[in-house]
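Following my numbering, the numbering of the sequence shown begins with 5 at its first residue and continues without gaps. Even glycine gets a Cβ: it sits at the ideal position worked out from N, Cα and C.
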Amino acid sequence: MMARKVTLVALLAAIYAVVSLLPGFPVVGVPGSDIRLTRSLEMGYGVALGPFLGPLSAFVGAVVGRVATGGGAAILFTPLALVSSFMAAAMARQRIFGLRGWAVSMLLMAGIILLWYATPAGQSIPLYAAPHLIGLGIILVLRGRITDLLHSEKRRSLFAGLILSSYPSTMAGQMLGNLIFLVLFSPAPAFFMTVLPITIFERAVITVVAAIVGVPLVLAVRAYFGEGQEKADQKNPRQPAGVFKSAAIQGEVLI
């Protein structure tokens, strides 16, 4: 089964890298940098593969993709893939690191937002983080309900779960990008408010695309690992059939 995991990580990382070759949204003020639709893959990777393999696949794919397209300053933003994917993965887990999965995502996002407000830019434009606070609010209000939706075998419920988990996740990644941007380029605070409408539109698109792509991805990964366990069950009759598949649906096997 480990071979299947390695194969899947390599495959999804390669897909991420290939999709990153497609043109994206240019980032105002950063020549040679853009926001690519690969950002929409990160949340699905996290939900489908779990909090370790999911972020790993997204990050490796992001690095390879950026290197293949010339690198530059954009490669410094590849850690965003780790955060967005991990956020969604944690929300899909009942527990992680001894805490509720949604609580881990909430703490991570709250920490990133607090880091923003600790900067002079964040303090001078307090309303900039409103969309990010909305994402934090979604997690705080819905809590484990998001996890339940992400565990559903119904496409409609899974789609809703991906929407609700993808928005906070992509906003957390975007805020981390802001912090990296501040360190690298020290822009005036007004710059962030100027591009805020673009940011909101861009992240809304990423959220919707993430859900559209994520539903078939999650279902395919469940089927992939369920099939592998069925073969293992045939070789080992003492193992009750379907145990692995059930665990996969609950997001407990890809850790």
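### Query
Taking contact to mean at least 3 C-beta pairs separated by less than 8 angstroms, is the stretch 143-153 in contact with the stretch 49-62?
no
Buried versus exposed, by CB contacts within 10 Å (16 or more), residue 185: buried
What is the rounded straight-line gap between the Cα of residue 27 and the Cα of residue 222?
25 angstroms
Notebook entry, point to check: Are the beta-carbon atoms of residue 105 and residue 95 separated by less than 7 angstroms?
Noted result: yes
Report task. Using 10 angstroms around the beta-carbon of residue 234, count the other beta-carbons present and answer buried if the total reaches 16, otherwise exposed. Result -> Annotation note: pLDDT 47 at residue 234 (below 50); position unreliable, coordinate value reported separately. Per the 10 Å Cβ criterion, exposed.
So, at 6 angstroms on beta carbons, what are the nonlocal neighbours of residue 87 in its own chain, with the 5 sequence-adjacent residues on each side left out? 176, 177 and 180
Discussion item. I'd like to confirm the pairing. Which residues does DSSP put opposite residue 100 in its beta bridges?
Written reply: 103
**Request:** Could you check the C-alpha separation between residue 107 and residue 137 for me, to the nearest Å?
**Result:** 15 angstroms
Cα-Cα separation between residue 207 and residue 24, rounded to whole angstroms = 17 angstroms
Going by C-alpha to C-alpha distance, which of 123, 20, 141 and 129 sits closest to residue 109?
141
- request: Spell out a yes or no on whether the stretch 72-83 and the stretch 155-172 are touching, meaning 3 or more CB-CB pairs, one atom from each, closer than 8 angstroms.
  value: no
Classification of residue 257 by the beta-carbon crowding that lies within 10 angstroms, buried from 16 upward
Because residue 257 sits at a pLDDT of 39, beneath the cut-off of 50, its placement in the model cannot be relied upon, and the point is left open.
- Query: If you draw a straight line from the C-alpha of residue 220 to the C-alpha of residue 164, how long is it?
  - Reply: 13 angstroms
Discussion item. Considering Cα atoms alone, identify which of 132, 216, 161 and 229 is closest to residue 202.
Written reply: 132
Of the listed residues 6, 160 and 146, nearest to residue 215 (C-alpha basis)
160
| message | For the alpha helix (DSSP H) containing residue 128, name the first residue and the last one. | response | 124-128
TODO: Specify the secondary structure class of residue 18 as computed by DSSP and reduced to three states.
DONE: helix
Do you know offhand how far residue 192's Cα is from residue 199's?
12 angstroms
Point to revise | Where residue 192 falls: helix, strand or coil (DSSP) | key: coil
- Could you pull out every unbroken alpha helix (DSSP H) segment of at least 4 residues lying fully inside the stretch 127-152, listed in chain order? 134-146
Residue 189 classed as buried or exposed, judged by whether at least 16 other C-beta atoms fall within 10 angstroms = exposed
**Study point:** Option in 114, 226, 92 and 227 with minimal Cα separation from residue 44
**Key:** 92
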